[in-house]
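A.B. asks: All letters in the sequence shown, in the order written, are residues 187 to 519 by the numbering used here.
Beta carbons: idealized from backbone N, C-alpha and C, even for Gly.
The structure's right below; bear with me while I get my questions together.
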Amino acid sequence: MSAPTIPAAALAGYLDCLERADPAAATRLALDLLDAGVAPADLLIDLVAVAQREVGERWRVGRWSVAQEHAATHVSERVVGAIADRVQPGAERGRVVLACVEGEWHALAARLVAEVLRADGWQVTFLGASVPPRHLVSYLHQTGPDAVLLSCLQSSRLVRAARVIESCRLAGVPVIAGGPGFGPAGRWASVVGAAAWGATARDAARLLAEQVFSAADVGAAPVTGGDEHLAVLRRRRELVDLATRIADPSDEELDSVAAEVGHLVDALAAAIRVGDPALVTEFVRWQGDVLTARGGPSGLLDAVLDGWATVLVEHPQARDYLDRARAASRVPA
């Protein structure tokens, strides 16, 4: 008999608990569903994960503040812990390590995957948010897992993800990638050396069960393109400084503006690394949507991109990708 689906009323009630930042009520709701026969994996994927996507969307369009998003995420973390305490693992399948790429501090999605895999019988070591590659590789040598699962939520961190995957491959451990940072349908995952990509925790469980790995998934990673992305990253501070001069933020906003601009530099470098201008074009669209939702100055992104195109004149691929991003940013979505 298949597990019951999550009723729409239950999802709405859970979102209400997140909006009120009420972990006790959210936990009661989830455990009541568990007692009613909903499988733990279905709760984690179809209730908690779906609700968190809505939380992210509310933040993106400016309906919720960062504080509200953090409070809601904390509630869901409490709920995941309560569900995990009730999980009865299946027959042991093997050992995996799960981590978030360095610089990725949103770890809830990866935690959901970890708990779904535990319920499916895998021995999972979850290393949490922002794991430096050298620390991950050291741990791999100590424990010898069957695979690494790597979470990357933002495409601007794809160069870092590529470095982690390269390190894992050289340690003899294949990588399954997960998260939207690897592109629509994970199209950049194989480019940076991942053995496979999964959109959901169910995909991760399926890929591990199918043993999708081959000898080609370890050792030196495939090489794509040149090293122009490294030249862009070497000029990261210069580009951020230029952008902040153009934006001219208040002292109170300077750090946050510099951080956001830094993500844009990283997205440009990542696009060059995987040879796909769509990466930086879509990132510019996303940043533009967020800026508009928060009442930011119109034309700011265009001015920053124009300024960068001027100083990156000796980097033809970067100039080409900036031209495409500037053209896209001036077309209404």
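Give the C-beta separation of valine 466 and alanine 511 to the nearest angstrom, bearing in mind that I take them to be a contact with Cβ-Cβ under 8 Å.
C.D. replies: The Cβ separation is near 5 Å, so the contact holds.
A.B. asks: At a Cβ threshold of 8 Å, is histidine 415 touching chain C?
C.D. replies: The chain labelled as chain C is not found in the depicted structure, where only one protein chain is given.
A.B. asks: Kindly indicate which residue of Leu425, Leu230, Asp228 has the alpha-carbon position closest to the one of alanine 489.
C.D. replies: For alanine 489, the nearest C-alpha among the options comes from Leu425.
A.B. asks: Just the Cα atoms here: how many angstroms apart are arginine 423 and alanine 227?
C.D. replies: One C-alpha to the other measures close to 43 Å.
A.B. asks: Would you please state the rounded distance, in angstroms, between the beta carbons of alanine 387 and isoleucine 192? I believe it to be under 8 Å.
C.D. replies: That pair is no contact at about 15 Å.
A.B. asks: How is glutamine 397 classed by DSSP in three states: helix, strand or coil?
C.D. replies: Reduced to three states, the DSSP call for glutamine 397 is coil.
A.B. asks: Between leucine 339 and histidine 449, what straight-line distance do the alpha-carbon atoms span, to the nearest angstrom?
C.D. replies: Taking the straight line joining both Cα atoms gives about 13 Å.
A.B. asks: Quick check on serine 341: buried or exposed, where buried means 16 or more other Cβ atoms within 10 Å of its Cβ?
C.D. replies: Counting Cβ neighbours within 10 Å, serine 341 comes out buried, since at least 16 surround it.
A.B. asks: With a threshold of 16 other CB atoms inside 10 Å of the CB of glutamine 503, please say whether the residue is buried or exposed.
C.D. replies: When all chains shown are included, glutamine 503 counts as buried.
A.B. asks: Under a Cβ-count criterion, where at least 16 other Cβ atoms within 10 Å of its own Cβ denotes burial, should glycine 276 be classed as buried or exposed?
C.D. replies: That one is exposed.
A.B. asks: Since cysteine 203 is in the beta strand (DSSP E), which residue starts that stretch and which ends it?
C.D. replies: Run containing cysteine 203: none in the beta strand (DSSP E); it sits in the alpha helix (DSSP H), 194-205.
A.B. asks: The beta strand (DSSP E) that contains serine 436, what's its start and end?
C.D. replies: From DSSP, serine 436 is part of no beta strand (DSSP E); its letter is neither H nor E.
A.B. asks: Is the stretch 312-322 touching the stretch 283-303 in the sense that three or more CB pairs, one from each, lie closer than 8 Å?
C.D. replies: At 8 Å Cβ cutoff, the stretches touch.
A.B. asks: Could you please give me the residues that DSSP links to histidine 219 through a beta bridge?
C.D. replies: According to the sequence shown, residue 219 is leucine rather than histidine. None, per the DSSP bridge assignment.
A.B. asks: When the Cα atoms are used, what is the spatial distance from alanine 391 to alanine 285?
C.D. replies: Whole-angstrom Cα-Cα distance: 16 Å.
A.B. asks: Apart from the five residues just before and just after glutamate 414, which ones in its own chain have a Cβ nearer than 7 Å to its Cβ?
C.D. replies: The answer, listed in chain order, is Ile458, His501, Gln503, Ala504.
A.B. asks: Extract the residue ranges of the beta strand (DSSP E) inside the stretch 351-376, only unbroken runs of 3 or more that lie entirely within it.
C.D. replies: Taking only runs of at least 3 residues, the beta strand (DSSP E) segments lying wholly in the stretch 351-376 are 361-364.
A.B. asks: Taking the runs of the beta strand (DSSP E) that are 3 residues or longer, which of them lie wholly in the stretch 283-341?
C.D. replies: List check, beta strand (DSSP E) in window: 308-312, 333-337.
A.B. asks: In angstroms, rounded to a whole number, what distance separates the CA positions of valine 234 and valine 497?
C.D. replies: C-alpha separation (whole angstroms): 45 Å.
A.B. asks: Going by Cα to Cα distance, which pick from Ala222, Gln238, Leu416 is closest to alanine 207?
C.D. replies: Minimum Cα distance to alanine 207 is reached at Gln238.
A.B. asks: My assumption, with CB atoms under 8 Å, is that leucine 217 sits in contact with valine 283. Please give the rounded CB distance.
C.D. replies: Between valine 283 and leucine 217 the Cβ distance is about 29 Å, and since that is not below 8 Å, they are no contact.
A.B. asks: So which of Leu508, Asp492, Gly474, Ser515 has the shortest CA-CA distance to valine 247?
C.D. replies: The candidate whose alpha carbon is nearest that of valine 247 is Gly474.
A.B. asks: Would arginine 343 and valine 418 be called neighbours here (beta carbons separated by less than 8 Å)?
C.D. replies: Going by C-beta atoms, arginine 343 is not nearer than 8 Å to valine 418.
A.B. asks: Pop quiz: alanine 522 and alanine 357 are said to be a contact at Cβ under 8 Å. What is the actual Cβ separation, rounded to whole angstroms?
C.D. replies: A question about residue 522 goes unanswered here, because the residues of the chain that appear run from 187 up to 519.
A.B. asks: Residues in the same chain with beta-carbon distance under 8 Å from tryptophan 291, minus the five sequence neighbours each way, listed in chain order, please.
C.D. replies: The residues are Ala315, Ser316.
A.B. asks: Cβ-heavy atom distance between leucine 303 and the ligand SAM below 7 Å?
C.D. replies: The ligand SAM is not part of this structure, which contains no ligands at all.
A.B. asks: What separation, rounded to the nearest whole angstrom, lies between the Cα atoms of serine 376 and leucine 416?
C.D. replies: Rounded to the nearest angstrom, the two C-alpha atoms are 20 Å apart.
A.B. asks: What is the residue span of the beta strand (DSSP E) that tryptophan 383 lies within?
C.D. replies: First-last of the beta strand (DSSP E) with tryptophan 383: 382-384.
A.B. asks: For valine 499, count neighbouring C-beta atoms within 10 Å of its own C-beta (all shown protein chains included) and say buried if the count is 16 or more, exposed if not.
C.D. replies: Classification of valine 499: exposed, given that the 10 Å Cβ count is below 16.
A.B. asks: Is glutamate 240 helix, strand or coil by DSSP?
C.D. replies: It is helical.
A.B. asks: For the alpha helix (DSSP H) containing isoleucine 231, list its first residue and its last residue.
C.D. replies: Element bounds for isoleucine 231: n/a, residue is neither H nor E.
A.B. asks: Where does glycine 280 sit, in a helix, a strand or coil, going by DSSP?
C.D. replies: The answer is strand: DSSP assigns glycine 280 an E or B state.
A.B. asks: Identify, in the order they occur along the chain, each residue of the same chain with its Cβ nearer than 6 Å to the Cβ of alanine 444, setting aside the five sequence neighbours on each side.
C.D. replies: Cβ within range, chain order: Val426, Thr430.
A.B. asks: Is the beta carbon of valine 236 sitting closer than 8 Å to the one on leucine 204?
C.D. replies: Not a contact, by the Cβ cut-off of 8 Å.
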